[in-house]
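In this text, residue positions in the sequence shown follow this note's numbering: the first is 149, and each later residue adds one.
Virtual Cβ for every residue (Gly too), placed ideally from N, Cα, C.
Everything below concerns the one structure shown next.
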Amino acid sequence: MKEQTLYICEYCNERYGDKASALTCELSHPIPIGIAELYFKPRSKYPKGLKVQFADGQSEIYFAVVSSKNLRDIINTVIKV
Ligand SMILES: [Zn+2]
149 MKEQTLYICE
159 YCNERYGDKA
169 SALTCELSHP
179 IPIGIAELYF
189 KPRSKYPKGL
199 KVQFADGQSE
209 IYFAVVSSKN
219 LRDIINTVIK
229 V
């Protein structure tokens, strides 16, 4: 019987057969450093979206999980294109 050791990235849960690859994967994930913007739908208590700033200078916009029916309405409401 052979035994196998797995190394799992703490951020994305990808599995690797060697520690160096798992560590490289962990170090490849930028760390969030703050919320740059909040997006509210009119009269909503909580934001429906937010822009997260990462340590590498990039930012990403995330939206709350909603039904596909009203997702487009929320996106159109909070983002003025
Ligand atoms: Zn990873």
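- Annotated three-state conformation of glutamate 185 is strand, per DSSP.
- Glycine 197 has its alpha-carbon roughly 4 Å from the corresponding atom of phenylalanine 211.
- Under the three-state reduction of DSSP output, lysine 167 falls in the helix class.
- The set of residues with a C-beta under 6 Å from any non-hydrogen atom of ligand 1 comprises Cys157, Tyr159, Cys160, Glu162, Cys173, Glu174 and His177, given in chain order.
- Annotation for glutamate 162: no beta strand (DSSP E) segment contains it, and DSSP assigns it neither H nor E.
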